[in-house]
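Asker: The sequence shown runs 3 to 358 under my numbering.
Dropping a structure here in structure tokens format, bear with me for questions.
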Amino acid sequence: LLKEPVHTFSTAFEIGSVDAEIWNTNPNQCNSDADVAKAVSAHFGTKHSQLIISGRQDLIGTLRRCVRNFGEPHSNQINVTMILLAEWLKEQGIAVVMTGDGSDAIFGGEPRHQLDMQISLLQKLPRWLRNLAYANRNKWPLKDNFNPSAFRRVDLAPLTVERLNTWFTYSKVEFNQLLQGEYATDTGVIDSIYQDLLKRLLSNNHITSNQDALLYMDLKLDIEESNRMRAYKTSTPAGLESLTPFLDYQFVEYAMSIPLARKVGWQKDKQLLRATFSDLLPKVVEKRKKYGWRSPFGSWLKDYLWEDVCGLIQTLPETGIFKPEVCNLIQDYQPANSRQLWSLLTFAIWHQEFME
């Protein structure tokens, strides 16, 4: 039907073995998506191109462009990758692209969906049997995710602020440690936000379990407030139109009407979506387990951007929102905790751009 092959695109990260050894960043993990993209391209015979991103690029400058485009401190690290990709695609003469955003959120593709389902099943057991199950957790599906921190959720009642809050970047204790006065959670500001969200969740007659609530949170927060906005605000400033078929509102409504048990299995995420396309996809995709989006940004913050990072984090107490203790995160920084530092870095840039 087409005069030429479909064009496909992906990103990869330039990361050296020294960085990988020092910061425990596995290049194969960071670029696993890029490798799979090449395999899919070969399977379907597309014309594939790849953008290589380096830590030596002006990533702080790119983050500033992201913040200006978004108009708010939206702190997902993938924003930087997407805006660089959008700008590069426009340079290649591409005007319209299609992306796969949204499939995880509406079809139960996140590890937390299975993990929370396992937690709910554990809650039905007597405590002694729970402890026995935990002692043998290495035999469980998703055993790498079922750590002591995850197991503590067993003691939290479903459909409560406390249970749902465990999936956010910062805990309430950490908020109290970082935020000043009226912004701290002991004043009830953060609690009131979560309580309002929970009331909206429970007002939906389809919400009957904690897993339903998680999927609905993904729909209202990840999709509405993150995925769609990110796709639009990283592509449009570059003059690129980004289409997201999985986020078509009629398709989303249909997907959310499907019972969770059909979408998420005990040992397989997105089982319905996988089965639907099993005769079309290469085996490397059909059988591939879910990986969180990996990047070397955690190590790059320290390796290439540390002076700028420290300078920006040290401005946070001046905003009147953060306690001076927020600067301790610089001293205690580990690449594994990059999401927390990245969110503060994004906020510091946003405050400079819009509030000063």
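Even glycine gets a Cβ: it sits at the ideal position worked out from N, Cα and C.
Which residue comes first and which comes last in the beta strand (DSSP E) that contains Gln333?
Answerer: Note, Gln333: premise wrong, no beta strand (DSSP E); alpha helix (DSSP H) at 330 to 333.
Asker: Looking at the unbroken alpha helix (DSSP H) that takes in Lys304, where does it start and where does it end?
Answerer: 299 to 305
Asker: Between the C-alpha atoms of Ser237 and Ser56, what's the straight-line distance to the nearest angstrom?
Answerer: C-alpha separation (whole angstroms): 20 Å.
Asker: Any contact of the stretch 121 to 135 with the stretch 314 to 328, i.e. 3+ C-beta pairs under 8 Å?
Answerer: Taking a cut-off of 8 Å for Cβ pairs, the stretch 121 to 135 and the stretch 314 to 328 do not touch, as fewer than three such pairs fall below it.
Asker: Output needed for Lys92: all residues of its chain with C-beta closer than 6 Å, excluding positions within five of it in sequence on either side, in chain order.
Answerer: Annotation for Lys92: Ala240, Gly241, Leu242 place their beta carbon closer than 6 Å to its own, counting only its chain and skipping 5 residues before and after.
Asker: Beta-carbon within less than 6 Å of Ser12's beta-carbon, same chain only, minus the 5 sequence neighbours each way: which residues are those?
Answerer: If you ignore the 5 residues before and after Ser12, its C-beta comes within less than 6 Å of the C-beta of Ala36, Ala39, Gln52, all in its own chain and listed in chain order.
Asker: Given this structure, state the Cα-to-Cα distance separating Phe324 from Thr48, to the nearest angstrom.
Answerer: 49 Å
Asker: To the nearest angstrom, how far is it from the Cα of Gln342 to the Cα of Glu6?
Answerer: 44 Å
Asker: Cα separation between Leu274 and Lys285?
Answerer: Their Cα atoms are separated by approximately 16 Å.
Asker: Indicate whether Ile85 and Arg67 have their beta-carbon atoms separated by less than 8 Å.
Answerer: yes
Asker: Go to Glu231, then tell me how far its alpha helix (DSSP H) extends in each direction, as first and last residue.
Answerer: One detail in the question is off: residue 231 reads as Met in this sequence, not Glu. Note, Met231: alpha helix (DSSP H), 230 to 237.
Asker: Comparing C-alpha positions only, which one of Val311, Ala135, Phe349 sits nearest to Gly322?
Answerer: Phe349
Asker: In terms of residues, what are the limits of the beta strand (DSSP E) holding Met357?
Answerer: That residue, Met357, is in no beta strand (DSSP E); it is neither H nor E in DSSP.
Asker: What are the boundary residues of the alpha helix (DSSP H) that Phe109 is part of?
Answerer: Here the alpha helix (DSSP H) through Phe109 covers 105 to 109.
Asker: Considering only the alpha carbon of each residue, which of Arg296, Val311, Ser297 lies closest to Leu303?
Answerer: Val311
Asker: Which term fits Phe356, buried or exposed, when burial requires 16 or more other beta carbons within 10 angstroms of its beta carbon?
Answerer: Phe356 is exposed by the Cβ-count criterion.
Asker: Helix, strand or coil for Gln336 per DSSP?
Answerer: coil
Asker: Using a threshold of 8 Å, state whether the C-beta atoms of Thr101 and Ala233 are closer than that.
Answerer: Yes, the Cβ-Cβ distance between Thr101 and Ala233 is below 8 Å.
Asker: Here's the rule: buried if 16 or more other CB atoms are within 10 angstroms of the residue's CB, otherwise exposed. What is Leu347?
Answerer: buried
Asker: On the DSSP bridge list, what partners appear for Ser12?
Answerer: Gln52
Asker: Tell me the DSSP secondary structure of Leu181 in three-state form.
Answerer: strand
Asker: In this structure, what does DSSP give as the bridge partners for Val99?
Answerer: Ser244.
Asker: Using the beta-carbon count (16 or more within 10 Å), is Trp352 buried or exposed?
Answerer: Per the 10 Å Cβ criterion, buried.
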